[in-house]
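First up is the structure itself, then whatever we jot down about it.
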Amino acid sequence: MTITTGKKREKLDRLSELAARQDEQGVSVWQEAFRRLRRNPAAIVGAVIFALFVVVALVGPFLVPYSPTDTIGIREGLIRPGVIPGIDGDHWLGYDHQGRDEFSRLIVGARQTLLVGVVATLIGLAIGALIGGVAGTAAGLGGRWGRWIDSTLMRFIDMLLAMPSLLLAVSIAALLGPSLITVMIAVGVVSVPVFARLLRGSMISQSNSDYVLAATALGVKKSKIALTHVVPNSLAPVIVQATLTLATAIIEAAALSFLGLGNQNSAIPEWGVMLAEAQPYLGVRPGLAIYPAVAIIITALGFTLLGEAMREALDPKLRK
Amino acid sequence: MALLEVDDLSVTFARRGQRTVRAVDGVSFSVDAGEVVGLVGESGCGKSVTSLAIMGLLPKQPGLRVGGKAVFDGTDLLQLDDRSRRDIRGRDIAMIFQDPLSSLNPVVPIGVQVTEVLTRHRGMKGEAATKEAAQLLDRVGIPDPRRRLKEYPHQLSGGMRQRALIAMAVACQPRLLIADEPTTALDVTIQAQILELLKELVRDSGTALMMITHDLGVVAGLCDTVNVLYAGRVVETARRRPLFREPRHPYTVGLLGSVPRLDSGRGERLNPIPGSVRDVLPWPEGCAFAPRCTRRVDECVGEPPQLVLAHDGRSYRCVNPAPVPGATQAEAEDLYRATPTGDDAVAAVPTAAEPGSVPAQAVPTDPPAPPGLGSREEESS
Amino acid sequence: MFRFIVRRLLQLIPTLFGLSVLLFIWLHRLPGGPETAILGERGTPEMRAQIRRNLGLDEPILVQYARFLRRMIKLDLGTSTSTKRAVTTEFVERFPGTVELTIMAMVLAIGIGIPLGYLAARRRGRLLDHASVGGSLIGICIPVFFLAYVLKAIFSEHFHWFPSSGRQDPTIGATRVTNFFLLDGLMTREWDAAADALWHLVLPGIALASIPLAIIVRITRASVLEVLGEDFVRTAEAKGLTENTVRRRHVLRNAMLPVATSIGLLTGGLLSGAVLTETVFAFSGIGAFVAEAIGQRDYPVLMGFIMIIAVVYVLVNLIVDLSYSVIDPRVRVR
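Residue numbers (this note's numbering), protein chains in the order written: chain A, 202 to 521; chain B, 81 to 461; chain C, 31 to 364.
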């Protein structure tokens with residue numbers, strides 16, 4: 202008896218060692234990724250833009266020289282048909298078409314833009330994670346029902362993927378009426394398929410991996426395996442995808458605003474709306490379009506650079 | 081004169097911000113026409129890199145440096161320009177790789193992959209090329225070759241794929257065939273068939289074969305001469321029989337000792353070499369194998385061990401080699417001390433060390449016998 | 031091959047069926063119900079009641095759905111509330127313009143994107159590589175409509191190199207045959223008309239191509255890099271094949287597989303982009319029409335657009351799958 206238990210013990214020790222090693226590696230993978238991130242100049246640029254944008258969005262509104270809703274230009278009679286004054290000493294970027302200080306609006310607009318991006322991404326992430334998680338779990342459990350649930354959900358996701366984002370937004374706006382919330386929901390729903398597929402794929406490949414097998418063999422509960430192994434290992438790609446989605450969300454929101462699906466009340470500035478509102482005045486003051494557009498492009502670039510660099514840093518194929 | 085003479089070949093990968101890796105660190109060996117030469121070692125010892133460097137197939141990357149010489153039939157392959165190298169590859173020197181599935185283009189029919197060699201090097205086109213390709217497939221033992229030519233790699237079995245790769249390699253009757261672990265990815269039964277095929281091809285056509293493997297069974301069945309590599313250097317060179325009967329380098333001893341044997345008693349333990357290939361000492365600081373070596377002495381560390389040229393053309397790179405059966409420990413040490421230790425001295429061991437002159441029973445630690453042959457007492461190390 | 035197509039077409043049925051259910055629900059959930067979708071927001075209560083009776087909105091929901099489905103199959107998409115013409119007629123008239131524009135954009139994106147991505151991979155880490163990777167990043171981050179405005183401002187309003195709007199100069203008086211202006215010009219041998227139509231396509235084509243181009247460059251580059259590291263490329267090199275053969279037969283053919291898939295997935299985005307680009311360039315295709323419909327809450331038009339996009343998307347992906355099975359024998363067997 203002692204011999205068999207001894208051998209069994211030895212085997213179990215080896216398996217738990219394998220499972221433990223994976224945890225160990227999990228930590229070092231993050232550290233390793235961070236180390237490589239710091240060496241990548243693109244990641245540094247992206248991170249700086251990211252940080253700058255968040256800081257401006259958080260504290261900017263308290264520091265602006267003018268109220269973003271104060272129509273100074275009209276009060277002072279500076280705005281006439283066909284005339285929008287440009288840069289002067291006090292107004293660094295001039296006035297917008299309603300005589301409001303453009304610079305202040307741009308700074309305050311960062312907050313709304315961040316809000317749209319973050320809320321949209323969270324909506325996409327939440328719904329996508331739910332669908333992907335259910336599909337992944339169902340696929341993992343297997344059986345006829347499991348496979349059926351998985352394939353039905355994925356069919357639905359494929360259909361959603363086939364929908365051009367704009368169209369989805371238009372349909373949602375048709376139901377809810379144009380507003381910033383519509384834009385957030387529309388952009389969020391558009392990113393659902395990406396997150397759903399990501400999480401499902403990650404879960405399936407994780408549950409087939411050797412260390413999960415090892416943990417299962419040790420008799421660890423399935424829920425515990427999911428919590429301690431599968432979820433943390435799926436986290437990295439989800440974070441990367443969220444960063445990238447934030448960039449596209451800001452761009453998509455601008456496109457929806459351009460088509461008049463965004464916020465109709467322009468009192469609270471948002472870059473996409475500012476860009477859309479500037480279109481009629483392109484001939485008079487092209488700057489009104491260029492400033493928010495450049496702000497959108499730089500922000501999106503920053504998020505994309507950071508996201509791509511993170512993905513590269515975490516990619517096991519590129520790791521050597 | 082040797083067909084291929086590799087002299088002090090070195091391959092280093094330098095990466096920005098990282099330590100320079102010396103994958104191959106002064107490898108020298110030669111292949112005679114029609115000879116079967118083995119390159120043996122654990123994974124990571126530089127055997128595949130050696131073959132790729134000879135072929136000029138190392139992935140181009142900044143920081144890659146190849147030094148030394150690889151003289152094939154009078155020309156140094158390493159000095160050739162890209163075009164002349166392409167002319168030689170596939171025509172004079174051909175190569176077979178480890179994984180036949182990934183080594184075949186999945187979206188191109190087998191036929192095209194065979195005929196493209198014929199077109200390139202023998203100027204054959206159209207029906208003539210197809211006919212020749214079918215004959216080649218037939219020669220490597222693929223049944224129904226005409227049909228197979230139209231098929232894609234995924235439609236063939238593993239063994240068939242490797243046969244197809246061999247057909248491509250021998251299409252131009254090369255003078256040297258390099259096989260990089262050609263059987264590792266295959267089932268055991270298929271392995272034997274492929275080895276038999278290679279043996280047959282080599283025998284019939286007089287092609288020299290450079291066999292790269294970690295499998296001592298393959299070496300035992302095929303090779304005339306064996307080079308054992310460790311950490312990017314050849315540590316022992318010998319004809320097959322002497323190598324298996326009386327390995328001198330402790331690493332070779334260890335390799336032979338880690339092969340499971342059918343005739344050893346049940347419950348008897350294998351003798352793995354302790355540690356892993358990662359535990360190496362850089363060659364300039366001594367013997368790379370020293371950290372894992374059971375015969376380590378003080379002289380192992382400090383400077384790299386010189387190549388010792390023994391009788392019968394065999395050589396090893398060790399200051400404290402495993403004793404030849406028949407010589408006592410003291411005699412062996414005497415032999416060692418007698419060797420000159422100049423700067424690049426290649427020491428000649430006196431012929432007095434001829435094996436078999438002393439009864440084998442006198443040897444204190446018996447070196448292992450070749451796998452599958454003879455019996456062996458349990459070692460106490 | 032034929033059986034493959036038939037099977038794929040049969041697989042479409044559940045997808046289209048699901049889409050029709052979603053559309054039906056959408057239509058019924060619109061503020062004001064489907065009668066608003068048909069009448070617009072200006073209808074009188076009597077007209078609304080009339081429509082409700084005509085549509086059978088008081089009947090059971092399944093009957094209504096069957097009726098809806100029958101109309102869809104007969105391609106009866108109703109009447110546009112803004113132009114008062116049948117949506118189908120409007121679409122047939124405007125569709126060619128959008129097709130010309132998207133083909134132009136795809137030709138640009140594929141024609142430039144694949145060679146550029148390939149070269150970037152071959153010259154990895156060099157200037158061209160960094161430039162194309164950086165350029166494609168910026169291409170993804172620029173809002174399409176802003177790029178369209180910038181192109182228009184620089185190349186047509188400032189330099190006057192390209193026309194700023196429309197599909198063709200009406201003073202040419204070109205003969206209409208198919209409503210594909212470029213094709214018409216070629217068919218009737220009115221070369222100046224064809225050239226003018228092509229000239230009108232350049233700027234919107236570039237604007238629309240920006241995102242697909244960026245994506246194709248990135249995917250081609252990544253795919254070529256991956257294939258270059260494959261064993262079979264090493265085998266091809268070991269056979270002493272010329273660089274040209276290795277590239278064409280062994281690298282490019284395999285690298286094209288993921289690119290083909292991505293082209294299929296780009297179609298949806300391309301049609302979204304067409305709505306924005308056509309609006310900026312006053313290009314009379316479906317996109318500009320739909321942009322107006324969005325402003326006017328012209329629901330029949332929007333619904334028709336959704337249907338068209340779904341069908342186009344599905345067809346394009348069928349073509350992609352077919353071409354995929356031509357390149358990749360492993361797909362063919364299954």
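Every residue gets a Cβ at the ideal spot worked out from N, C-alpha and C, and that includes glycine.
Note that the structure is a prediction, hence the values are computed from the model and not measured.
Cα-Cα separation, residue i to residue j
| i | j | result |
| --- | --- | --- |
| F262/C | L489/A | 55 Å |
| D161/B | S128/B | 22 Å |
| V188/B | G203/C | 51 Å |
| T338/A | G347/A | 8 Å |
| W56/C | Q41/C | 24 Å |
| V255/A | L445/A | 15 Å |
| R171/B | R319/B | 28 Å |
| R83/C | I497/A | 49 Å |
| E89/C | R97/C | 11 Å |
| V298/B | R277/C | 35 Å |
| F311/C | F319/C | 12 Å |
| A494/A | L294/A | 14 Å |
| I43/C | L259/A | 50 Å |
| P438/A | L287/C | 24 Å |
| A428/B | W363/B | The predicted position of A428/B is uncertain, since its pLDDT is 40 and thus under 50; no value can be drawn from it. |
| I386/A | I373/A | 8 Å |
| T309/C | A321/C | 7 Å |
| F192/C | V180/C | 13 Å |
Beta strand (DSSP E) segment containing residue i, residue limits
| i | result |
| --- | --- |
| M307/B | According to the sequence displayed, residue 307/B carries Asn and not Met. Residues T305 to Y310. |
| S110/B | V101 to V111 |
| V314/B | R313 to R319 |
| V116/B | V116 to V120 |
Sequence-distant residues of its chain with Cβ nearer than 8 Å to residue i (five each side left out)
| i | result |
| --- | --- |
| N241/A | A510, E513 and A514 |
| T307/C | L131, V174, F175, A178, P234, A237, L238, F313 and G317 |
| A244/B | P180, L184, I190, Q193, V194, L217, V220, I222, R228, P233 and L236 |
Bounding residues of the alpha helix (DSSP H) (the contiguous stretch that carries residue i)
| i | result |
| --- | --- |
| S182/B | P180 to S183 |
| V283/C | Per the sequence shown, the amino acid found at residue 283/C is Arg instead of Val. R283/C -> alpha helix (DSSP H) spans R283 to V310. |
| R219/B | G206 to R219 |
| A418/A | D411 to A418 |
| L289/B | Segment A288 to T293 is the beta strand (DSSP E) holding L289/B; no alpha helix (DSSP H) there. |
Beta-carbon contacts of residue i that lie in its chain and below 6 Å, excluding the five residues immediately before and after
| i | result |
| --- | --- |
| S90/B | V104, D105, G106, G147 and G148 |
| V315/B | V308, H329, Y331 and R397 |
| T297/C | Y343 and V346 |
| S131/B | I258, D260 and I292 |
Nearest-angstrom beta carbon gap, residue j and residue i [assumed within contact, 8 Å]
| i | j | result |
| --- | --- | --- |
| G325/A | F251/A | Actually they are not in contact, since the Cβ atoms of G325/A and F251/A sit about 19 Å apart, beyond 8 Å. |
| P225/B | A214/B | 4 Å |
| D304/B | E115/B | 5 Å |
| I328/A | L354/A | With 8 Å as the limit, I328/A and L354/A do not qualify as a contact, their Cβ atoms being about 12 Å apart. |
| A454/A | V388/A | 6 Å |
| A160/A | L400/A | Any property of residue 160/A remains undetermined from this structure, which presents chain A solely from 202 to 521. |
| I249/C | V289/C | 5 Å |
Beta-carbon contacts of residue i that lie in its chain and below 7 Å, excluding the five residues immediately before and after
| i | result |
| --- | --- |
| L158/C | L149 and A150 |
| P354/B | R372 |
| T417/A | I426 |
| V257/A | I308 and A311 |
| L483/A | A490 |
Status (buried if at least 16 other CB within 10 Å, exposed otherwise) for residue i
| i | result |
| --- | --- |
| M217/C | exposed |
| I103/C | exposed |
| A161/C | exposed |
| K182/C | buried |
| H280/C | buried |
| R99/B | exposed |
| E365/B | exposed |
Proximal chain D residues relative to residue i, where beta-carbon distance stays under 7 Å
| i | result |
| --- | --- |
| R59/C | The chain inventory of the structure shown lacks chain D, comprising the protein chains A, B and C. |
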